[in-house]
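Reading the sequence shown from the start, the letters are residues 601 to 689 in this note's numbering. The block underneath contains the structure these notes are about, expressed in structure tokens.
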Amino acid sequence: MKVDIYRAKKSPGPHEKLYIFVPSGSDIEMLPTEIKEKTGGLVVEKTIDIQPGEKRIALDSDEALKNLSEKGFHEQGSKIEIEIRVGGQ
Numbered sequence: 601m602k603v604d605i606y607r608a609k610k611s612p613g614p615h616e617k618l619y620i621f622v623p624s625g626s627d628i629e630m631l632p633t634e635i636k637e638k639t640g641g642l643v644v645e646k647t648i649d650i651q652p653g654e655k656r657i658a659l660d661s662d663e664a665l666k667n668l669s670e671k672g673f674h675e676q677g678s679k680i681e682i683e684i685r686v687g688g689q
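What follows is the structure, encoded as structure tokens:
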């Protein structure tokens with residue numbers, strides 16, 4: 601399934617990003633009001649093709665496809681964690 605990925609203008613946290621996946625060519629104005637408010641607007645990131653059972657970093661392809669089929673969209677968060685170690689600890 602070809603999907604368009606949008607990045608939320610509003611971040612959930614300082615080192616977090618939220619992405620919304622929709623079937624390619626979908627009108628994002630049809631997303632639920634709660635999603636539009638949560639994201640603060642959307643910016644186009646890219647279009648990808650997702651296949652059932654496909655292995656992808658940080659994405660459960662089967663869950664994404666299920667959400668796309670049932671809800672018409674999939675929410676995907678990403679979080680960057682930085683750990684600094686001093687003295688080899």
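Built from N, CA and C at the ideal position, the CB exists for glycine as well. From a predicted model like this one, the values you see are computed outputs, not experimental measurements.
The region 653 to 662 and the region 637 to 644 do not touch, with fewer than 3 CB-CB distances between them shorter than 8 Å. In this structure, LEU618 and GLY677 form a Cβ contact; the two beta carbons are roughly 5 Å apart against a cut-off of 8 Å. According to the DSSP assignment, ALA664 belongs to the alpha helix (DSSP H) that extends over 661 to 671. ILE635 carries a helical assignment under DSSP once its states are collapsed to helix, strand and coil.
In summary, VAL643 is exposed, with fewer than 16 beta-carbon neighbours lying within 10 Å of its beta-carbon over all protein chains present.
Its chain contains PHE621, ALA664, ASN667, LEU668 as the residues whose beta carbon lies nearer than 6 Å to that of HIS674, once the 5 sequence neighbours on both sides are disregarded; these appear in chain order. DSSP places GLU629 in the helix class (H, G or I) of the three-state scheme.
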